[in-house]
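So the sequences go chain by chain: A and D.
Those letters in the first sequence? Residues 7 to 118, by my numbering.
Those letters in the second sequence? Residues 136 to 248, by my numbering.
All C-beta atoms, glycine included, are put in the ideal place defined by N, C-alpha and C.
In this text, all values refer to a predicted model and were calculated from it rather than measured experimentally.
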Amino acid sequence: KAGVTQTPRYLIKTRGQQVTLSCSPISGHRSVSWYQQTPGQGLQFLFEYFSETQRNKGNFPGRFSGRQFSNSRSEMNVSTLELGDSALYLCASSNLNTDTQYFGPGTRLTVL
Amino acid sequence: GESVGLHLPTLSVQEGDNSIINCAYSNSASDYFIWYKQESGKGPQFIIDIRSNMDKRQGQRVTVLLNKTVKHLSLQIAATQPGDSAVYFCAEKVGNRDDKIIFGKGTRLHILP
C-alpha cells in the first residue's frame, strides 16, 4: 500500500504570495490532518478533514485554510505569506478503525 | 521527553545499550498514546501505540510503558543501533474520535559509536 504523499516537496515563495500544498492519503483513509513543524514550536496542529468536512481546527490565523475532496485528497492554502510561515508542513492520514496517524514526508516551505 | 523552544532535550546512548525516552503528557483524560520517530528530512514515522487500559506494550526492540498515575509515558529501545538516531515524539489523544492528537516537543536520540 502506498504511503501518504505530499507535493511539492520543496517550495520557495516571497512575502505576500500565496501557496497551495497537496496531500494524498493512504488508500482507504478518510481523515487527513495538517501540521506545521518549526524548530521553535515543534509540531503544531493546523486542521483535520474528514469526509470533506473540517472536523478540527488549531490556533492559526485565517490565512491558513484547507479543503478535502471526495477522493480524500486534501489541499492546504496559505495566503499573504509571512516570513514566519517558513516551516515543514506535514500531512497525516488515518482511517476509521484506528487513531494512528501516518505521516507524509512533508513540504518544506521557505518564505523569503 | 518534552522541550521548550529551540533546544530539544538530547539523549546520548552508546551503540548496543538500551535507550529510555520519557514523556510527560498533559491530559488525564487521554486514553491513547503514540510514539513517533522522525529522522532528518522525513515525516514522523509511527513506532508503537498503547491504550490506557494497558500499562505496557512490546514491539520489535521497543517497549512502551504507561503510568497513568503520574501521567508518564516512556519508550524503551533495546540494543540501540545507529539507525535509531532521530527525534522521538510522544503524542496523546482522548478517545472521542473528534479530538485531535497532541504532540510533545520531542527528544533527540544521539547514538555514540
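Proximity of chain D to THR20 (chain A) at the Cβ level (cut-off 8 Å) is not reached, the minimal Cβ distance being about 24 Å.
In the same chain as TYR55 (chain A), and ignoring 5 residues on each side of it, the C-beta atoms closer than 6 Å to its own belong to VAL38, GLN74 and SER80, in chain order. Using a Cβ-Cβ distance cut-off of 8 Å, the segment 155 to 168 of chain D and the segment 202 to 213 of chain D are in contact, since at least three pairs of beta carbons, one from each stretch, lie closer than that value.
DSSP lists A:VAL84 as the bridge partner or partners of VAL25 (chain A). Three or more beta-carbon pairs drawn from the segment 16 to 30 of chain A and the segment 109 to 116 of chain A are found closer than 8 Å, and the two stretches are therefore classed as touching. Between ILE212 (chain D) and ASN153 (chain D) the beta-carbon gap is near 7 Å, inside 8 Å, which marks them as a contact. Residue pairing for GLU58 (chain A): DSSP places it in no beta bridge. Here the C-alpha atom of GLY72 (chain A) lies approximately 38 Å from the C-alpha atom of ARG196 (chain D).
For GLN43 (chain A), the enclosing beta strand (DSSP E) begins and ends at 37 to 44. The Cβ atoms of THR86 (chain A) and ARG69 (chain A) sit closer than 8 Å to each other. The Cβ-Cβ distance between LYS177 (chain D) and PHE51 (chain A) does not fall below 8 Å. With a beta-carbon spacing of about 18 Å, ILE183 (chain D) and SER220 (chain D) fall beyond the 8 Å limit used to define contacts. Taking 8 Å as the cut-off, the beta carbon of GLY241 (chain D) is found closer than this to the beta carbon of TYR223 (chain D). Chain-ordered, the chain D residues with CB closer than 9 Å to the CB of PRO111 (chain A) read GLY176, LYS177 and GLY178.
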